[in-house]
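Notes follow the structure.
Protein chains in written order, with the numbering used here: chain D, 826 to 1200; chain E, 15 to 491.
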């Protein structure tokens, strides 16, 4: 494994490469989507460290190999946090580069935005070994094409990110959760929609089928949280028995939702994004196949686990497609990941453009070939 | 401003091209006579003018496809246009180009409150989206100052911001899906009505791409429930430095107001004359701070902010007591461009962004430049996110004055980049900042962006001469 410790050295590795490279940080997400066939591995794990942190400007920069947990510790010391709450579903060794490359976001995504919404700038090396920077460190920037967004979620297939800059926000003084009990999935999502369609700025909205609970989170100053949770609880009382959780219980609960602790992780794991009202029907349709899961993002994020076989995968994809949504195969044994569509197939016109864009970054096709789609 | 050489084979065939467009579109959708074309010769950056070859005003997606196929087949350049409110010349025509105006595609197609989205055509104005959903107490968050006129298609193309993006984000953060017609006439469906897309973030790439990649025919936006209420306060300070320090202190305290606007003395005076909002005329710098929530929440939040401001010895501080008072405060701010227009025959509005801690330094150096150029400048600034709007006043009848204003503007933007910022925060590069792109990007970075454009538009027919310096055009195309 090659672990260059400078951006220049990393660029030199790419220029010298004479075949495909498996591009990764600490490799915690190698089980997601498709496996890469490459003789050599290029890791950003030795590019590590926070390079800029200006709490008063709500901005941080870190080298790609910096561990997420180190970033969260530094932010917490200044009373701040990652806005999108990246899930810790891949252990504690995941890097910030990995989070950006996979655009993984947690519960706060529903109103606070995804990782892609908070990436302000990136430094990266393309497949020709050119060192490039896009975006910057300021909160508003429309100068040129938004290549930083394009690289976010591109799984290292366009360029190898060496440093990322992102927006952060203060940790709220208090957190409250409204727990509505005894709801089926339809009632649960209706309650979440009512909460998200209220003036009370809900920052988390999940439904747990096994517990039959709908959960709504409010984060702000303590008096605001008290006022809004009580007001919202009164409005939602018609949906079911209400309980309000305080800050500590809320934080523990939402950490578990963030990290998918309510998912019975068996062989295969999927993540579907659909309109919130479509979430319940997907859970019900797939239950007979042994697929279980829970809903986040107001019902629109369907986290699923089930048997790792072609038929189950096809049924999951069909459920996402029928709802007009999308899917990611998050985990499965390698043989299955090699043969199925880990992401929805592209229409022909878009596939042609995608191939040209990919070639514009990586003309030799050496960066993580096959990571997203079969070549 | 240097423009690419018009294609003589296109200019020569103008009559045939207009006839050809009329063959694929209804007669009423094609404008080919010089009198009717005149309104399209410029946009919100009226210093630049160029009559187009023709204008088409498609009424549906099929007509957009027909125009694109026709122009692609004949190698004709295309300039997409919304309401023409671009302050960077994004819709400035070329002599050999067909302007494709989207104002007749102005329908709201679908609104869903349970799933919180609206599907609209690109010619719907920004404010019309909010108006369509406000009976249910919903709104569309990004609110550029031009929101009465500007269209959502243009907002997407420029990734427009507004005064409230400190809390709600810019256009890119409030979109779910798009339909876009490529130069070949293919319709691409990007995203949908759900959050996040698997695969590359085309939605993010297309947003803010200034008409370089395709022509939008449909936009799906997120809609949000309105807060219970909002209230603004004013705080005037003895110097720009002190006001800047106060902005820092507010953000550092953990409070993120929904808006945090800054005006310097010339802007305060211009806006007060125009709006009679009660701005303090003795202050050197003014902050407008807005918070949201219930009456009690507003009061508590404003009390916290007042305490912070008090430590910076404000020359005046006033919390609006009524919705009318808040509206008057915003009328002054949102009418700032018009207000400056009343005291100067012409002005250039710059749009750089800087790290907020650089504010006092940048304002000081800008004042020095103003003295050196002998041109007045008024500053309006989205202080919370570092987005500057210096308004440089000049006289368009005086050619030298205009050239000085352009040079002054370029110096300000170079300064923004020098202190760690960027050329444009929300207005776009357009034609105005095209030749400054090499200040912010290396040749390799510009070439990478050009190659992305080429992947969508191999013959560089879509809005050419904008965004990318002309020098590299032929190499990439």
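Ideal Cβ placement from N, Cα and C applies to all residues, glycine included.
- With the rule of 3 Cβ pairs closer than 8 Å, the region 971-986 of chain D does not count as touching the region 1002-1014 of chain D.
- Setting aside the 5 residues that flank it on each side, residue 1089 of chain D is surrounded in the same chain by 1117 and 1130, each with a C-beta closer than 7 Å to its C-beta; the list follows chain order.
- Scanning E:93, E:250 and E:396 for the CA closest to the CA of residue 367 of chain E turns up E:396.
- Among the CB atoms of chain D, one or more fall inside 8 Å of the CB of residue 371 of chain E.
- Contact between residue 253 of chain E and residue 299 of chain E is confirmed by a C-beta separation of about 7 Å, below the 8 Å threshold.
- Sequence-distant partners of residue 934 of chain D (beyond 5 residues in either direction) whose C-beta falls short of 7 Å from its own C-beta, in its chain, are 909 and 1122.
- Separation of residue 155 of chain E and residue 866 of chain D (C-alpha to C-alpha, rounded to the nearest whole angstrom) is 44 Å.
- Shown here, residue 126 of chain E sits in a strand according to DSSP, grouped into three states.
- Burial state of residue 290 of chain E is exposed, judged by a 10 Å Cβ sphere holding fewer than 16 other Cβ atoms.
- In summary, residue 221 of chain E is buried, with 16 or more beta-carbon neighbours lying within 10 Å of its beta-carbon over all protein chains present.
- Residue 1138 of chain D sits in a helix when the DSSP states are folded into three classes.
- Counting every other CB atom within 10 Å of its CB across the protein chains shown gives residue 1063 of chain D a total below 16, marking it as exposed.
- Taking a Cβ-Cβ threshold of 8 Å, the residues of chain D close to residue 223 of chain E are 970 and 971, in chain order.
- Straight through space, the alpha carbons of residue 118 of chain E and residue 141 of chain E are spaced by roughly 16 Å.
- Scanning its chain for C-beta atoms nearer than 6 Å, with the 5 sequence neighbours on each side dropped, one finds around residue 431 of chain E the residues 453 and 454, in chain order.
- By the criterion of a C-beta distance shorter than 7 Å, residue 251 of chain E is surrounded in its chain by 257, 260, 297, 298, 299, 326, 328 and 329, once the five residues flanking it on both sides are discounted.
- Along the region 193-218 of chain E, the positions whose C-beta sits under 7 Å from a C-beta of chain D are 196, 200, 202, 206, 207, 208, 209, 210, 211, 212, 213, 214, 215 and 218, read in chain order.
- Within chain D, the C-beta atoms nearer than 9 Å to that of residue 270 of chain E come from 883, 994 and 995, in chain order.
- For residue 469 of chain E and residue 1051 of chain D, the gap between their C-alpha atoms comes out near 53 Å.
- DSSP, reduced to helix, strand and coil, places residue 482 of chain E outside both helices and strands of the structure shown, so it counts as coil.
- Of the residues E:225, E:138 and E:435, the one whose Cα lies closest to the Cα of residue 107 of chain E is E:225.
- Taking 4 residues as the shortest admissible run, the region 1066-1105 of chain D contains the following complete alpha helix (DSSP H) segments, listed from N- to C-terminal end: 1072-1083.
- Nearest CB-CB separation between residue 130 of chain E and chain D: below the 8 Å threshold.
- DSSP places residue 208 of chain E outside both helix and strand once states are collapsed to three, so it counts as coil.
- Annotation for residue 1006 of chain D: no alpha helix (DSSP H) segment contains it, though the beta strand (DSSP E) segment containing it runs 999-1006.
- In the three-state reduction of the DSSP assignment, residue 1041 of chain D falls in the strand class.
- Rounded to whole angstroms, the separation of the alpha carbons of residue 1030 of chain D and residue 332 of chain E is 37 Å.
- Buried is the label assigned to residue 888 of chain D, since at least 16 other Cβ atoms lie within 10 Å of its Cβ.
- Taking a C-beta cut-off of 7 Å against chain E, the contacting residues of the region 939-957 of chain D are 939, 941, 942, 951, 955 and 957, listed in chain order.
- Of the other Cβ atoms in all chains shown, fewer than 16 fall within 10 Å of the Cβ of residue 335 of chain E; this residue is therefore exposed.
- When D:944, D:925 and D:940 are compared, the shortest CA-CA separation from residue 932 of chain D is found for D:940.
- Nearest to residue 953 of chain D by alpha-carbon distance, out of D:837, D:857, D:1100 and D:1172, is D:837.
- When the Cα atoms are used, residue 861 of chain D and residue 1168 of chain D turn out to be separated by approximately 15 Å.
- Listed in chain order, the positions of the region 153-171 of chain E with a beta carbon within less than 8 Å of a beta carbon of chain D would be empty, since no residue qualifies.
- In terms of Cα proximity to residue 938 of chain D, the closest of E:185, E:482, E:229 and E:294 is E:185.
- Listed along the chain, the chain E residues whose CB falls inside 9 Å of the CB of residue 924 of chain D amount to none; the nearest CB is some 14 Å away.
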